[in-house]
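S.K.: In this note's numbering, the protein residues as written are 63 to 178.
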């Protein structure tokens, strides 16, 4: 049996941009993606601590050391620059593997979203 568990989480990042006219997705500083083990195109659940919205989209890498967190396309209507988000990625795995699995948890600098 496969179960779905949290694979990784980027905790408390601030929205730096919202681009309605972009095709879609969330742009994430590539350093944060690497730290959380998120790959380009991977599904990301977004939890907005400011307004309670939850949505899903896919990740695209942003410039390293930029702290960029930009919601693109329709998702940009569900956030405001400065909102605090939690980004969660899930994975399917066998039950016994899931019992031992430890997710990659990333706690960036809350001032600028970097790993400093």
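Note that beta-carbon positions come from the ideal geometry of N, C-alpha and C, so glycine has one too.
#1: Counting only the same chain and skipping the five closest in sequence on each side, list residues whose C-beta sits under 7 Å from that of residue 170.
#2: My output table needs one value for residue 144: the three-state DSSP class, helix, strand or coil.
#3: Can you say whether residue 111 is buried or exposed, counting buried as having 16 or more other CB atoms within 10 angstroms of its CB?
#4: In terms of residue numbering, what span does the alpha helix (DSSP H) encompassing residue 118 cover?
#5: Less than 8 Å separating the beta-carbons of residue 91 and residue 139?
#6: Short of 7 Å in beta carbon distance, which residues of its chain neighbour residue 143, apart from the five on each side in sequence? Order them along the chain.
#7: On the premise that residue 69 lies in contact with residue 120, defined as a C-beta separation below 8 Å, what is that separation, rounded to the nearest angstrom?
M.R.: Reading it off the structure:
#1: Walking along the chain shown from the start, residue 170 turns up at place 108. Here the set comprises 72, 75, 94, 176, 177.
#2: Here residue 144 refers to the residue found at position 82 of the chain shown. Here residue 144 sits in coil by DSSP.
#3: Position 49 of the chain shown, counting from 1, holds the residue named residue 111. Per the 10 Å Cβ criterion, exposed.
#4: One-based indexing of the chain shown puts residue 118 at position 56. No alpha helix (DSSP H) holds residue 118; the beta strand (DSSP E) holding it covers 116-124.
#5: Counting from 1 along the chain shown, the entry for residue 91 is found at position 29. Counting from 1 along the chain shown, the entry for residue 139 is found at position 77. Contact annotation: residue 91 and residue 139 have beta-carbon atoms that are not nearer than 8 Å.
#6: The residue you call residue 143 lines up with position 81 of the chain shown. Answer for residue 143: 77, 78, 79, 80, listed in chain order.
#7: Taking the chain shown and counting its residues from 1, one reaches residue 120 at position 58. Taking the chain shown and counting its residues from 1, one reaches residue 69 at position 7. In fact, because the Cβ distance is near 14 Å, the residues do not count as touching under 8 Å.
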